[in-house]
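Structure first, then comments.
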Amino acid sequence: KQEVTQIPAALSVPEGENLVLNCSFTDSAIYNLQWFRQDPGKGLTSLLLIQSSQREQTSGRLNASLDKSSGRSTLYIAASQPGDSATYLCAPLGGGNKLTFGTGTQLKVEL
Amino acid sequence: DVKVTQSSRYLVKRTGEKVFLECVQDMDHENMFWYRQDPGLGLRLIYFSYDVKMKEKGDIPEGYSVSREKKERFSLILESASTNQTSMYLCASSFGGETQYFGPGTRLLVL
Numbered sequence: 164k165q166e167v168t169q170i171p172a173a174l175s176v177p178e179g180e181n182l183v184l185n186c187s188f189t190d191s192a193i194y195n196l197q198w199f200r201q202d203p204g205k206g207l208t209s210l211l212l213i214q215s216s217q218r219e220q221t222s223g224r225l226n227a228s229l230d231k232s233s234g235r236s237t238l239y240i241a242a243s244q245p246g247d248s249a250t251y252l253c254a255p256l257g258g259g260n261k262l263t264f265g266t267g268t269q270l271k272v273e274l
Numbered sequence: 007d008v009k010v011t012q013s014s015r016y017l018v019k020r021t022g023e024k025v026f027l028e029c030v031q032d033m034d035h036e037n038m039f040w041y042r043q044d045p046g047l048g049l050r051l052i053y054f055s056y057d058v059k060m061k062e063k064g065d066i067p068e069g070y071s072v073s074r075e076k077k078e079r080f081s082l083i084l085e086s087a088s089t090n091q092t093s094m095y096l097c098a099s100s101f102g103g104e105t106q107y108f109g110p111g112t113r114l115l116v117l
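Those protein sequences? They're chains A and B, same order as listed.
Numbered per our numbering, the first sequence spans residues 164 to 274.
Numbered per our numbering, the second sequence spans residues 7 to 117.
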C-alpha cells in the first residue's frame, strides 16, 4: 500500500526566501506525481503534474522534481510571497487512477 | 477552465439521517472521485467511478454508497449518518491519469 510522507509538516519563512518542500513515497510504481495547494477551508488547486518519465516540471516560481527510483519529489518555491501561504500536498498516482495523498506541509510566508 | 461544483458548502445533519452529497463537473471527464479529509489523516479516497453506472471502492467505503447515472454527476450517499462521518468531503474529476480537479468541498457536521 502506498504511503506518502511530507516534511516538514509546517514551515514559516520571511517573504522573499527560496524554499523546498519534500515528499517521499514507498511504492515507486507510479504513473505521475501531482502537487496541489489548499487554502484553509477550500478545495485543492493543482499546481504541477510530473509524469513518471520526467525529472522536472516548472510553472512560474514553482519547480517540482521527481526521482521515481528513490521515491522522492521536491517542490521548490522561489522568492516566496505572503500569497503563497497555504498547505501544499503531494500525491503520486498509482494503479486505477488512484491518488494517495500526504498530510501536507503548512506554509506561512510572513511580511 | 474545468469547473467542479458541490451541492452544499456546509451541512448539518442528525445521526441516522440519510445524506446526499452531489458533485457536478462540466468537462466531460470520465473519472470522478469522492474523498474525505480529516486533520492528521489527510485525504482518503471513499469511492471512485470511471464511467456512468460504474463504481469502485476506495480505501474507506464503509458507511457510504455512490451513484453515477449521468457522466457529469457523481453522488455520495450516507445511508444512516453517524457522528464519525463528520468531515470535509471533496469531489474531484479527471480525464485518464491526468490532473484531478477538485470542487470547493462540503463541510458536514453530524450531531
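Using N, Cα and C, we set each Cβ at its ideal position, and we do this for glycine too.
CA-to-CA distance, residue j to residue i, given in whole angstroms
i	j	result
residue 238 of chain A	residue 13 of chain B	33 Å
residue 241 of chain A	residue 59 of chain B	45 Å
residue 99 of chain B	residue 77 of chain B	11 Å
residue 18 of chain B	residue 90 of chain B	13 Å
residue 196 of chain A	residue 232 of chain A	13 Å
residue 65 of chain B	residue 51 of chain B	5 Å
residue 260 of chain A	residue 209 of chain A	16 Å
residue 205 of chain A	residue 10 of chain B	13 Å
residue 56 of chain B	residue 71 of chain B	15 Å
Rounded distance between the beta-carbons of residue j and residue i, thought under 8 Å
i	j	result
residue 188 of chain A	residue 165 of chain A	6 Å
residue 21 of chain B	residue 81 of chain B	21 Å between Cβ atoms; not a contact.
residue 184 of chain A	residue 268 of chain A	5 Å
residue 118 of chain B	residue 114 of chain B	Only positions 7 to 117 of chain B appear in this structure, which leaves residue 118 of chain B out of reach.
residue 253 of chain A	residue 236 of chain A	6 Å
For residue i, the residue or residues it bridges with in DSSP
i	result
residue 273 of chain A	A:177
residue 240 of chain A	A:182, A:225
residue 167 of chain A	A:188
Cβ-based neighbour list, residue i, same chain, cut-off 8 Å, excluding 5 preceding and 5 following
i	result
residue 192 of chain A	257, 258
residue 182 of chain A	174, 176, 239, 240, 243, 270
7 Å Cβ shell around residue i - same chain, five flanking residues per side excluded
i	result
residue 96 of chain B	41, 43, 49, 108, 109, 111
Range covered by the beta strand (DSSP E) that runs through residue i
i	result
residue 123 of chain A	Nothing about residue 123 of chain A can be reported from this structure: the residues present for chain A run from 164 to 274 only.
residue 44 of chain B	37–44
residue 102 of chain B	No beta strand (DSSP E) contains residue 102 of chain B, which DSSP labels as neither H nor E.
residue 28 of chain B	25–31
residue 195 of chain A	195–201
residue 19 of chain B	16–19
residue 73 of chain B	70–76
residue 256 of chain A	249–257
Spatial neighbours of residue i in its chain, beta-carbon cut-off 6 Å, leaving aside the 5 residues before and after
i	result
residue 101 of chain B	35
residue 79 of chain B	30
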